[in-house]
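J.: Here it is, the structure in full.
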Amino acid sequence: MGRRRMARRIDDGPRPKHVQLSDVLAELATRDLGPDAAIPSERELMATYDVSRATVRKAIDSLVAGGLLHRIQGKGTFVARPRVESHLHLASFSDDMRRRGLEPSTRLMLVDEERPPAEVARSLRLGARGTAWRIDRVRLADGQPMAIEQGWYPQSLLPGLDTEDLTGSLYTLFAGRYGLVIDAAEQTLWGEAAEGATARRLESPTHTPLLVFRRVSSAAGTPVEHVVSRYRGDRYQVHMNLGATPDATGKKRTTSTTGRDRSS
């Protein structure tokens, strides 16, 4: 399993030792090991290459930061799975994963009719007594947790939603069962760290970086969905095309082509 490659000498040349070791580990991870395989321990690397613990850690840190490796507390350092890259557009999670050769699946955690938080009620234009379906799901690709989501959907638009199969594409269900075709969405993106129940549901180490999307989707101008999706940053990345458009003064400003459905 690649021991000949690992034996490459780390020398005192102009390139720092941690950079040389990083190159060796990157080659080992990409050529000899596969996703989820463990790399040698810090002690083994120190002995094999006659380098300090600080050098080993600096080399590994650079590969973790680059997404090639990931640490699991108490277990070691492993080769990371390739990140799924998504171009922002309106498409279902299921279709998005299948286009990349991955098999999507869903764990349904909660379905309940509730009075939503004020922010959600405003975005869905619910009246004073309006209720919504709360749907919590874990989304998986090839059996690996990719994201968790909490979605809110107006009960008045979607009666009996709790009796439907909610493990597939909600957008397909809305169109086929209720005649609501999602045709627009407004989306906000930010970063968080996985903590507590979120980390447990995603089966991720605590403090794993997350990509968080808040989206309000509509059908013919009627809000149908308010959902917050938290994606594992070590398994998912976003691609955006940026362009410059003129503002009111005629000067160009940068915009992005966004608005992709990340969950349904």
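First residue of the sequence shown? That's 1 in UniProt numbering, and the numbers climb one at a time after it.
Quick reminder that beta carbons are idealized off the backbone N, C-alpha and C, glycines included.
No experiment lies behind these values; they were computed from the predicted model shown.
Can you say whether T206 is buried or exposed, counting buried as having 16 or more other CB atoms within 10 angstroms of its CB?
T.: By the 10 Å Cβ count, T206 comes out exposed.
J.: Terminal residues of the continuous alpha helix (DSSP H) containing A47?
T.: Start and end: 42-49.
J.: Starting from G196, trace the beta strand (DSSP E) in both directions and tell me its first and last residue.
T.: Where G196 is concerned, there is no enclosing beta strand (DSSP E), although the alpha helix (DSSP H) it sits in stretches over 196-202.
J.: Unbroken beta strand (DSSP E) runs of length 3 or more, entirely within the stretch 207-252: which are they?
T.: The qualifying runs are 209-219, 222-232, 236-239, 242-246.
J.: For a test of the three-state rule: what should DSSP assign to Q144, helix, strand or coil?
T.: In this structure, Q144 counts as strand in the three-state DSSP scheme.
J.: Measure from the alpha carbon of V212 to the alpha carbon of each residue in T198, W190, R200, then state which is nearest.
T.: Here the closest residue by C-alpha is W190.
J.: Alpha carbons only, please: which of A185, A184, E164 is nearest the one belonging to G176?
T.: For the residues A185, A184, E164, the minimum Cα distance to G176 belongs to E164.
J.: Which residues share a DSSP beta bridge with R53?
T.: Paired residues: none, contrary to the question.
J.: For T106, count neighbouring C-beta atoms within 10 Å of its own C-beta (all shown protein chains included) and say buried if the count is 16 or more, exposed if not.
T.: T106 is buried by the Cβ-count criterion.
J.: Is the beta carbon of W133 less than 8 angstroms from the beta carbon of D96?
T.: Contact: no.
J.: Do you know offhand how far F174's Cα is from G168's?
T.: So the two alpha carbons sit approximately 11 angstroms from each other.
J.: Alpha carbon to alpha carbon, how far is E119 from Q187?
T.: In a straight line, the C-alpha of E119 is about 15 angstroms away from that of Q187.
J.: Output needed for D36: all residues of its chain with C-beta closer than 8 angstroms, excluding positions within five of it in sequence on either side, in chain order.
T.: These residues qualify, in order along the chain: F78, V79, R81.
J.: Please classify A244 as buried or exposed, where buried requires at least 16 neighbouring CB atoms within 10 angstroms.
T.: With fewer than 16 other Cβ atoms within 10 Å, it is exposed.
J.: Specify, as a first and last residue, the run of the alpha helix (DSSP H) that V71 falls within.
T.: Note that residue 71 is Arg in the sequence shown, not Val. Premise fails: R71 lies in the beta strand (DSSP E), 69-72, not in any alpha helix (DSSP H).
J.: Have a look at the DSSP bridge pairing and note the partners of Y153.
T.: Answer is W133, bridged to Y153.
J.: Tell me the DSSP secondary structure of D12 in three-state form.
T.: In the structure shown, D12 sits in coil (DSSP, three-state: anything other than H, G, I, E or B).
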